[in-house]
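Position 49 of the sequence shown, counting from 1, maps to 49 under the working numbering, and the rest follow consecutively.
Glycine is no exception: its CB is placed at the ideal position from the N, C-alpha and C atoms.
One structure is given here, and the rest of the page talks about it.
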Amino acid sequence: MSLSRAETLIEKLISNKLSGEELSELLAGITSEEQQQEYSDVLEAYFNQLLKEGQKQEK
1 MSLSRAETLI
11 EKLISNKLSG
21 EELSELLAGI
31 TSEEQQQEYS
41 DVLEAYFNQL
51 LKEGQKQEK
């Protein structure tokens, strides 16, 4: 399954590989009412994964 553009941009942001142009695209997407939910869903999935990994390490 290929990643959505929002997923790709957020992964690049997290790995510190986001270009200036991509950062502008990410910020435009986050502030766009039409795209906010997609970015929100991607970020929620990322943070949920971090929580799961943290819980596994605590055991």
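- What number of angstroms, rounded off, separates the C-alpha of Gly29 from the C-alpha of Glu58? What you label residue 29 is simply residue 29 of the sequence shown in a count that begins at 1. What you label residue 58 is simply residue 58 of the sequence shown in a count that begins at 1. Taking the straight line joining both Cα atoms gives about 35 Å.
- Unbroken alpha helix (DSSP H) runs of length 4 or more, entirely within the region 11–42: which are they? 20–31
- Message: For Gln35 and Glu7, I'd like the C-alpha separation in whole angstroms.
- Response: For the purposes of this step, residue 35 is taken as the residue at position 35 of the sequence shown. For the purposes of this step, residue 7 is taken as the residue at position 7 of the sequence shown. In a straight line, the C-alpha of Gln35 is about 12 Å away from that of Glu7.
- Which whole-angstrom value is the C-beta distance of Leu26 and Leu13, which I expect to be below 8 Å? The sequence position of residue 26 within the sequence shown is 26, counting from 1. The sequence position of residue 13 within the sequence shown is 13, counting from 1. At roughly 6 Å, the Cβ-Cβ gap stays under 8 Å, so Leu26 and Leu13 are in contact.
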